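Working notes for the structure below.
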Amino acid sequence: AQKYLTIFPNPAQNNLQIEWSGEKEIEQIEIYNASGKTIWQENTRLNKSLKLNVSQWATGV
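With positions in the sequence shown counted from 1, the corresponding number in our numbering is that position plus 34.
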């Protein structure tokens, strides 16, 4: 079975949408900046989609 991870829009100003179409749930999501520093982490049960508020993130992350 094919799995797809879609993240949009790019660039994001207010919200970032993460969509997953795999059979298994995603249990943890981590987002890193260009320097490799973790800027966001969440333990979750993502089986379809997640909407993140990124309005407070630095430009260019």
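Ideal Cβ placement from N, Cα and C applies to all residues, glycine included.
Computed from a predicted model, the values in this text were never measured in an experiment.
{"Asked": "Spell out whether any CB of chain B is found under 8 angstroms from the CB atom of E64.", "Found": "Protein chains in the displayed structure number just one, and chain B is not present."}
{"Asked": "If you drop the 5 nearest sequence neighbours on each side, which residues of the same chain put their C-beta closer than 6 angstroms to that of W74?", "Found": "I65"}
{"Asked": "Using a Cβ-Cβ cut-off of 6 angstroms (strictly less than) and excluding sequence neighbours within five positions of V88, which residues of its own chain qualify?", "Found": "A46, L50"}
{"Asked": "Going by the beta-carbon positions, is the gap between K85 and W54 smaller than 8 angstroms?", "Found": "no"}
{"Asked": "At what residues does the beta strand (DSSP E) containing Q36 begin and finish?", "Found": "That residue, Q36, is in no beta strand (DSSP E); it is neither H nor E in DSSP."}
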